[in-house]
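Structure record follows, encoded as structure tokens.
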Amino acid sequence: MSEESSASEPAAPPGPGSGNSDHAPSSEETKATAAAPLAAPSEATSARRWIGRGLLAFGVLVLLGAGWVGLRTYQAYRHLDRAAQQVTLLQQQVKTLDEIDLTQAGAAVSRMRSEADGAVGDTRDPLYRLAGHLPFIGPNLRAVAMIASTVDDLATTTAPTLINVATAVQPAALAPRSGVIDLAPMVAAAPALAAADAAVASSQQRMAAIDRGPLVGPVSRGVDDLQTKLAGLGRTTAAAVRISRLAPTMLGHNGARTYLVVFQNLAEPRATGGLFGSYALLKVDDGKLSIGPQGSGSRDLGTFAPPLTMPASLPSALYGNLPATYATDANLTPDFPTAAALLAQMYQIRNHLRIDGVLALDPVALSYLLVGAEPIPIGHGLELTSANITRTLLSTAYALYPRASDGPRREAFLDSAAERAFLAVTNIRTSAKTVLRGLVKASDQHRLLLWSANRTEQTDIEATGVAGRLPSVDGHTPTIGLFRNDGTGGKLGYYAGGSAALTSGACTADARRALTLTAHLTYSAPATGLPAYVIGYATAGPYVLRTNLLIFGPLTGSLTAISVDGQHRPVIWATEGGRRVGMVTIDLKPGASATVVATLSIAAPASGSPALLPALNLTPGVTSWKTTAEPIDPC
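Following the working numbering, the numbering of the sequence shown begins with 8 at its first residue and continues without gaps.
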């Protein structure tokens, strides 16, 4: 090797395999080695250890925090689930005021408040609130907190208010006593009810503002469930506010009122029930009721020649000028506000007295109100009861006075009987709850109808079940109408009955759902033995019942065909209230029946939307028709 090469290559250290294994270190080497310190870990290694420990500790804290937040969420969920059960119980209690158990309702509110407090406490935990700012999980935690806060508001403000109002405004307090209704409880309850309704509306807005996109299934369903409950509670509070706003004013709290009370004679059908027969003037002054002059639509209001101005909403193709000519034909239209306004105008012209409103009811409605009442003597050895008032007024009266010349005596008998029944209702001697249930039942069957000449009041009335008007929007519950008008001029409608069913069919290419309305009309009159007055004009033959049947299509749909017993008949087509209307005439002999089928369609709900729940509106009869309506699913 060269010198350069030798200098650049260090000598190999002694050690195994070096060829110098027998070499021992010198004493100087040993001392030097013993004196040198051990090498310390580098700063990087130490840092890594501390970071590892820190991450481990942080991970443990995160897990503990997550577990704590999870526990709080679970506890909040349990509290809210139990609170929801109390909300449902309270809804059921408040919905049926005549059956409310104040002790149970109060206990439900107390339990709901306790559970809501627990849920709010869980969701206000510092770690829970901090986790609410995290992605993904945060929106869900905030939604649960919003649910808890909303339920807590219901439990601490709205629910106690409703219980307090229900305690103060019991049916017994609202029932007329000796012809007087105490208005003080309703007047006092109005501000509290308005506040409760505003609180529910605010809660609905808060829940509606929650972004559903990031929510997991259980939380999203919780939001939906509370929104559904709030919607139901909102309908209840809104209705209560309307009543508290309407009732005192319409019952004369701010000045005396004069109403026309009309009894609809179901034996001669009209679209709203029966022709406007006997009537009585009702005066109300700060809750005090008094009956004024009575009369008859045919005898005392008579014929208007020339006719009054026909409302523009009524198609002449269906009604001609009859509603503006005869008081007994004012309700050929099923729109009660229109008919009532015409009748009030006729009364004012004949009697030079302004009418503040019209209340219409029929003998079946009176029967609901007389449940449990003492029998009412009406002469001829007869007594009116809940069980026989309909038969007495719509059949027995015509047997007692069968001839046309008996008209004045028959009408006097009917006027007297109706007045005594009405006086019995306004001087309650039976359970106030029974009367309230009767009013609700009559309203649900469209047997109790109310119209006010005051536009503000009428707007409130039209949001209730006593308005007697087909809705101006379909919404989630599209309506289809099936109404009857007598074409006989007699009282054979007492024997009419029937049923109706709405079925949903296939979808069309333009996303419309086909509908079929099937109505079965029956007629059970005897073939002989009825008074000539009952038989009427016999335009289609003796004992033949002639009915002009009106079918109103849905607002967002169409009505294209009508058949009777599988055959096409002449149909008069028109439009009323934005709806397509078809009218067909049907003649029935005693014991006969007819099946009417109408073909309709309606805009189907959008894909993914809930099904529509259609409703059938019918002319109330002596007997209530059985009706069914299938849901309308998306296409």
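In this text, a Cβ means the ideal position worked out from N, Cα and C, and glycines have one as well. These figures come from a predicted structure and were not determined experimentally.
| task | Starting from the C-beta of LEU258, find all residues in its chain whose C-beta is less than 8 Å away, skip the five residues before and the five after it, and write them out in chain order. | result | Correct list, in chain order: ILE188, LEU190, ARG264, VAL291, ASP293, GLY294.
| Secondary structure of LEU349, DSSP reduced to three states | Helix.
| Is it a yes or a no for the stretch 517 to 529 touching the stretch 447 to 460, going by three-plus beta-carbon pairs under 8 Å? | The answer is no - the stretch 447 to 460 does not touch the stretch 517 to 529, with fewer than three Cβ pairs under 8 Å.
| Just checking my contact of GLY598 with SER506 at CB under 8 Å: how many whole Å lie between their CB atoms? | Wrong, their Cβ atoms sit about 17 Å apart, outside the cutoff.
| said: With H, G and I counted as helix, E and B as strand and the rest as coil, what does DSSP make of ILE542? | reply: Look at ILE542 here: in three-state DSSP terms it is helix.
| query | Who are the Cβ neighbours of THR345 in its own chain at under 7 Å, not counting the five residues just before and after it? | reply | Closer than 7 Å at the Cβ level, and outside the excluded window around THR345, lie PRO318, SER320, LEU321.
| Cβ separation of LEU273 and PRO341, assumed to be a contact under 8 Å, to the nearest whole Å | That pair is no contact at about 15 Å.
| message | Looking only at its chain, what residues have a beta carbon closer than 6 Å to the beta carbon of ALA648, apart from the 5 residues adjacent to it on each side? | response | Since the first and last residues shown for the chain are 8 and 642, residue 648 lies out of range.
| query | What's the call for LEU625, buried or exposed, on a 16-neighbour Cβ count within 10 Å? | reply | Burial call: buried.
| request: Return the residue from the list GLY497, ILE487, TYR375 that minimises the CA-CA distance to ASP451. | output: The candidate whose alpha carbon is nearest that of ASP451 is TYR375.
| Going straight from the alpha carbon of ASN328 to that of LEU430, what length do you get? | Between the alpha carbons of ASN328 and LEU430 lies a gap of roughly 36 Å.
| message | On the CB-based measure, 16 or more other CB atoms within 10 Å of its CB, does VAL480 come out buried or exposed? | response | By the C-beta density criterion, VAL480 is exposed, having fewer than 16 other C-beta atoms within 10 angstroms.
| query | If you draw a straight line from the C-alpha of ARG149 to the C-alpha of THR484, how long is it? | reply | Taking the CA atoms as reference points, ARG149 sits about 34 Å from THR484.
| query | What do you reckon, are the CB atoms on PHE270 and GLY475 nearer than 8 Å? | reply | Taking 8 Å as the cut-off, the Cβ atoms of PHE270 and GLY475 do not count as close.
| Does the separation of the CB atoms of ALA605 and ILE558 fall below 8 Å? | Between ALA605 and ILE558, the gap from beta carbon to beta carbon is short of 8 Å.
| task | Give the straight-line distance between the Cα atoms of ALA534 and VAL629, rounded to the nearest whole angstrom. | result | Each residue's alpha carbon lies about 19 Å from the other.
| request: Output the distance between the C-alpha atoms of GLY497 and ALA205, rounded to the nearest integer angstrom. | output: C-alpha separation (whole angstroms): 52 Å.
| message | Checking 8 Å against the spacing of the C-beta atoms, do THR525 and GLY504 come in under that value? | response | Cβ atoms of THR525 and GLY504: not closer than 8 Å.
| said: Less than 8 Å between the beta carbons of GLY280 and LEU289, yes or no? | reply: No, the Cβ-Cβ distance between GLY280 and LEU289 is not below 8 Å.
| message | Among the candidates THR635, GLY564, VAL591, whose CA atom is the shortest distance from the CA of PRO612? | response | Of the listed residues, the one whose Cα sits closest to PRO612 is GLY564.
| Once you ignore the five residues that flank ALA547 on each side, which residues in its own chain have a CB closer than 7 Å to its CB? | Setting aside the 5 residues that flank it on each side, ALA547 is surrounded in the same chain by ARG553, ASP594, each with a C-beta closer than 7 Å to its C-beta; the list follows chain order.
| Going by C-alpha distance, which of GLN355, VAL365, ALA208, ARG454 is nearest GLU464? | For GLU464, the nearest C-alpha among the options comes from VAL365.
| Quick one, which of ARG131, GLY186, LEU373, ALA197 has its alpha-carbon nearest SER251's? | The option with the nearest alpha carbon to SER251 is ALA197.
| said: Judging by CA-CA distance, which residue of VAL207, TYR266, GLY229, GLY262 is the nearest neighbour of ARG242? | reply: Closest option to ARG242, Cα to Cα, is VAL207.
| task | State the DSSP-derived secondary structure class of ALA319, mapped to helix, strand or coil. | result | Coil.
| request: Give a yes or no on contact between the stretch 139 to 153 and the stretch 213 to 230, applying the rule of three or more CB pairs nearer than 8 Å. | output: Yes, the stretch 139 to 153 touches the stretch 213 to 230.
| Per-residue burial, ILE356 [other beta carbons within 10 Å of its own, 16 or more giving buried] | Around the beta carbon of ILE356, a 10 Å sphere encloses fewer than 16 other beta carbons of the protein chains shown; the residue is thus reported as exposed.
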